[in-house]
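Participant: Residue numbers for the sequence shown follow this note's numbering, so the first one is 565 and each next one is one higher.
C-beta atoms are modelled at their ideal positions from N, C-alpha and C, and glycine is treated no differently.
Provided herewith is a single structure, encoded as structure tokens, for subsequent inquiry.
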Amino acid sequence: MGTARSRERRASGRPSVFRWECRCQEPPQLLATYDEGGRINIKVRDRYWHVFGLVRTICPRCGAEHLLDLRSVRDEPAADPAGLGT
Ligand SMILES: [Zn+2]
Numbered sequence: 565m566g567t568a569r570s571r572e573r574r575a576s577g578r579p580s581v582f583r584w585e586c587r588c589q590e591p592p593q594l595l596a597t598y599d600e601g602g603r604i605n606i607k608v609r610d611r612y613w614h615v616f617g618l619v620r621t622i623c624p625r626c627g628a629e630h631l632l633d634l635r636s637v638r639d640e641p642a643a644d645p646a647g648l649g650t
């Protein structure tokens, strides 16, 4: 499901941005955002970190470890990285 989402582009031409979140609570805890180009955006205090590839983090609420692997996205822009919230 959701395979079409990664192909969507806004009329402005800006890349779609996806939320990487832990669903341990409502509302989900946002861990980072990432775009269809495979760039992960992590906000730490007053700074944004831009990461390509693979990133691992800990949910600040429940302590669960999450792995986001977008290494294949850069090669295949049509890939759907959703559902990696393990
Ligand atoms: Zn959590």
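Just checking Arg625 against ligand 1 - is the residue's beta carbon closer than 6 Å to any of the ligand's heavy atoms?
Facilitator: Numbered from 1 along the sequence shown, position 61 holds the residue referred to as residue 625. Yes, since a heavy atom of ligand 1 falls inside the 6 Å radius drawn around the Cβ of Arg625.
Participant: So which of Asp610, Ile606, Leu595 has the shortest CA-CA distance to Arg625?
Facilitator: By 1-based counting over the sequence shown, the position of residue 625 is 61. For the residues Asp610, Ile606, Leu595, the minimum Cα distance to Arg625 belongs to Leu595.
Participant: Are the CB atoms of Leu634 and Gly601 nearer to each other than 7 Å?
Facilitator: Walking along the sequence shown from the start, residue 634 turns up at place 70. Walking along the sequence shown from the start, residue 601 turns up at place 37. Not closer than 7 Å, so no.
Participant: Residue range of the beta strand (DSSP E) that Gln593 falls in?
Facilitator: Within the sequence shown, numbered from 1, the residue matching residue 593 stands at position 29. Gln593 -> beta strand (DSSP E) spans 593-599.
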